Amino acid sequence: IVMMCIHVTVAHASAVVVSHTHARARGNGAALRSRASTARTAPEHRRRRHRHLQESHMKVTALSLWKSNGDDREPHVLGKAEDVAEFGFFQRPSVREMLVFISRTVAKRTAVGARQSVAQDAYMVHVTNKGGLIAVAVVDAEYPSRSAFCVLSAMLEEYETRVVVGDAWRALSADDSRGDEMLEGMLIKYQDPSAADKILKIQRELDDTKVVLHKTIDSVLARGEKLDNLVDKSTDLSLASQMFYKQAKKQNQCCTMM
6 IVMMCIHVTV AHASAVVVSH THARARGNGA ALRSRASTAR TAPEHRRRRH RHLQESHMKV
66 TALSLWKSNG DDREPHVLGK AEDVAEFGFF QRPSVREMLV FISRTVAKRT AVGARQSVAQ
126 DAYMVHVTNK GGLIAVAVVD AEYPSRSAFC VLSAMLEEYE TRVVVGDAWR ALSADDSRGD
186 EMLEGMLIKY QDPSAADKIL KIQRELDDTK VVLHKTIDSV LARGEKLDNL VDKSTDLSLA
246 SQMFYKQAKK QNQCCTMM
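Residues are numbered in the numbering used here as their position in the sequence shown, beginning at 1, plus a constant of 5.
What follows is the structure, given as C-alpha cells:
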C-alpha cells in the first residue's frame, strides 16, 4: 500500500512538472510573439510619435483684425486674441503689448489686396489686406503657411458676417473690441492646422494671390525707418514693455518674446 501511494505521488508530481513545463513553453512562446509584434509595430509607433511631436510644436500665438487708415495714420484694431500661457507670469503683459505692436506695424505696411509673411526667428507673422480690412496671425514657424492664410480668410469672412455686417467697419474711427470674442474662439479652434485645411473654398481662392515673404520685420519697414525708433514712439507699449524689448535685444532674444 505504501509503495502504491509512493507510485501515485511520483506520478502526480511528474504530471505537475510536465504541466508546468508546458505552461512555461506556452508563456515563452507568447512572450516571443509579443516581442515580435512589438518589433513590427515599433517603427509605426515612432512615426506616430514623431507626427505628434511635430503637431504639438505648432501653435497660433495671436490673431488680430485691423482697419487700414492709409500710409500716414496708424490702423485701428477691430479685435484681437492672444495665447501667452507659455511665457512667465510677469512677462505676459509685455508680450501682449509686443504682439499688438508688431501686428499693427506689419498691418500698416501691407497694401490693399496684398498678402505678406514675415519670418523672425521661430515665428511667422502672416497678414492679408482685403479692401482695407486686415487680418494678422502670429504663429510658430512650424505652422503651415497655407493653413495660416486659410485662417486669415476665415477671420475676414466671419467678421463681416457675424460681427460687423458688410463694410460697416469702414465707418469706425477708433479701436473697437467687438471682434475679440470671435477671435478668441478661432484662436482655440485653429491650433490644429487641419481644421483650417478643411476650408477648401478659401484654399482655391488663395492660389490666385502671391505671398511676399520677408526674412525679418526690419525688411517690412520703409527706407529710413528703424524698429527701435518705432518702439520708442509706439502708444501700444508701456515703459515696462519698452524696457523689456531693449533688454531682450541686448541678449539677442528680441523676437522670442512674440
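From the three backbone atoms N, C-alpha and C, an ideal C-beta is built for every residue, glycine too. All figures in this text were calculated on a predicted structure; none of them were measured in a lab.
For residue i, the three-state DSSP class (helix, strand or coil)
i: residue 248; result: helix
i: residue 117; result: coil
i: residue 128; result: strand
i: residue 104; result: helix
i: residue 76; result: coil
i: residue 122; result: strand
i: residue 82; result: strand
i: residue 154; result: helix
i: residue 243; result: coil
i: residue 190; result: helix
i: residue 183; result: coil
i: residue 202; result: helix
i: residue 11; result: Its pLDDT being 32, under 50, residue 11 is placed unreliably in this model, and the value from its coordinates should be taken loosely. Three-state DSSP puts residue 11 in a helix.
i: residue 170; result: coil
In DSSP terms, what residue i is bridged to
i: residue 195; result: DSSP, once it has assigned bridges, lists no residue as partnering residue 195.
i: residue 134; result: 139
i: residue 87; result: 67
i: residue 145; result: 128
i: residue 178; result: Answer by DSSP bridge pairing: none, since residue 178 is not bridged.
7 Å Cβ cutoff met for residue i and residue j
i: residue 269; j: residue 192; result: Past the edges of the chain, shown from 6 to 263, lies residue 269, and the structure says nothing about it.
i: residue 244; j: residue 106; result: no
i: residue 129; j: residue 112; result: no
i: residue 72; j: residue 161; result: no
i: residue 65; j: residue 144; result: yes
i: residue 159; j: residue 131; result: no
i: residue 155; j: residue 201; result: yes
i: residue 184; j: residue 168; result: yes
i: residue 246; j: residue 87; result: no
Nearest residue (CA-CA) to residue i, options the options
i: residue 164; options: 78, 68 and 63; result: 68
i: residue 179; options: 66, 74, 121 and 172; result: 74
i: residue 63; options: 246, 148 and 98; result: 148
i: residue 187; options: 110, 90, 157 and 246; result: 157
i: residue 136; options: 181, 239 and 174; result: 174
i: residue 89; options: 189, 78 and 248; result: 189
i: residue 142; options: 108, 166, 114 and 126; result: 108
i: residue 138; options: 151, 203 and 114; result: 114
Within-7 Å CB hit, residue i to chain B
i: residue 148; result: The structure shown contains no chain B; it holds only a single protein chain.
Could you tell me whether the region 92 to 102 touches the region 185 to 201, where touching means 3 or more Cβ pairs closer than 8 Å?
The region 92 to 102 is not in contact with the region 185 to 201.
Would you check if there are 3 or more beta carbon pairs closer than 8 Å linking the region 82 to 91 to the region 119 to 132?
When Cβ pairs closer than 8 Å are counted between the two stretches, the region 82 to 91 is seen not to touch the region 119 to 132, the count staying below three.
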